[in-house]
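Chemist: If you're matching positions, the sequence shown starts at 0 in numbering that gives the first Met the number 0 and goes up one per residue.
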Amino acid sequence: MPRGLQRRERDPAEVVKAMKIRQVNNMTQQRRQAVSHSVIQKGLVAAGIINIGGVLLFSKGFSNDALTQADPVLFSTFGLLSIILWGAAYLAVSGSYRQVPWIMAVFAVEKLLYTLAWSHWMVNFSHDLPALYQQDWLAGAFFSIYGLNDALFMLLFFYAFIKTRHSDVRPSQIT
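1. In three-state DSSP terms, what is residue 59?
2. Which same chain residues end up closer than 7 Å to residue 11 when comparing Cβ atoms and leaving out the 5 residues on each side of it in sequence?
3. According to DSSP, is residue 105 part of a helix, a strand, or is it coil?
4. Cα separation between residue 144 and residue 106?
5. Should residue 9 be labelled buried (16 or more other beta-carbon atoms within 10 Å of its own) or exposed?
6. Short of 8 Å in beta carbon distance, which residues of its chain neighbour residue 174, apart from the five on each side in sequence? Order them along the chain.
7. So is residue 54 buried or exposed if we call it buried at 16+ other beta carbons inside 10 Å?
8. On the premise that residue 69 lies in contact with residue 154, defined as a C-beta separation below 8 Å, what is that separation, rounded to the nearest angstrom?
9. For residue 58, count neighbouring C-beta atoms within 10 Å of its own C-beta (all shown protein chains included) and say buried if the count is 16 or more, exposed if not.
10. Counting along the chain, where does the alpha helix (DSSP H) carrying residue 156 start and finish?
11. For residue 39 and residue 135, I'd like the C-alpha separation in whole angstroms.
12. Pick helix, strand or coil for residue 127, following the three-state DSSP scheme.
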């Protein structure tokens with residue numbers, strides 16, 4: 000047998016050490032995946048609660064005309080109901096998002112659109128914020144923060160999509 004192809008005897012202690020290192024690495028990876036899953040799952044629940052609760056709070060149960068006046072396209076009654084439906088969708092998939100990774104991409108794009116709409120509003124109408132605060136402080140606060148909130152959830156949803164799109168998790172493996 001050529002010299003370079005000779006089988007080298009391995010020290011049993013080295014073998015055990017290598018196995019322990021591999022085991023620790025596997026456990027570390029499993030912990031990271033569990034933490035990642037927990038963060039994503041809790042993030043979806045938070046996004047759902049914030050969408051639903053935020054609309055009900057800031058719109059004062061659909062009675063706050065200041066939101067609609069500030070942006071009649073996004074925050075009409077229909078628009079507010081749509082935001083609530085998105086929140087319900089986040090809650091609905093919070094336990095099973097790994098089964099449908101592309102829904103996370105859809106959620107990320109949806110949040111991107113709201114973030115872009117907020118950015119456009121801030122560039123063109125932020126000078127109206129002081130008057131909006133005087134008219135209704137909840138509406139002013141809403142317009143000050145909603146885009147940042149949507150941007151954060153957009154990043155979370157995009158992260159979830161990246162983590163799950165090549166996942167080995169199958170529907171039959173989810174309990």
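All C-beta atoms, glycine included, are put in the ideal place defined by N, C-alpha and C.
Modeler: The relevant details are as follows:
1. coil
2. none
3. helix
4. 19 Å
5. exposed
6. Reliability fails at residue 174, whose pLDDT of 46 lies under 50, so the model's placement of it is uncertain and no value is given.
7. Residue 54 should be labelled buried.
8. Contact flag wrong, Cβ pair sits at about 25 Å.
9. buried
10. 136-163
11. 34 Å
12. Here residue 127 sits in helix by DSSP.
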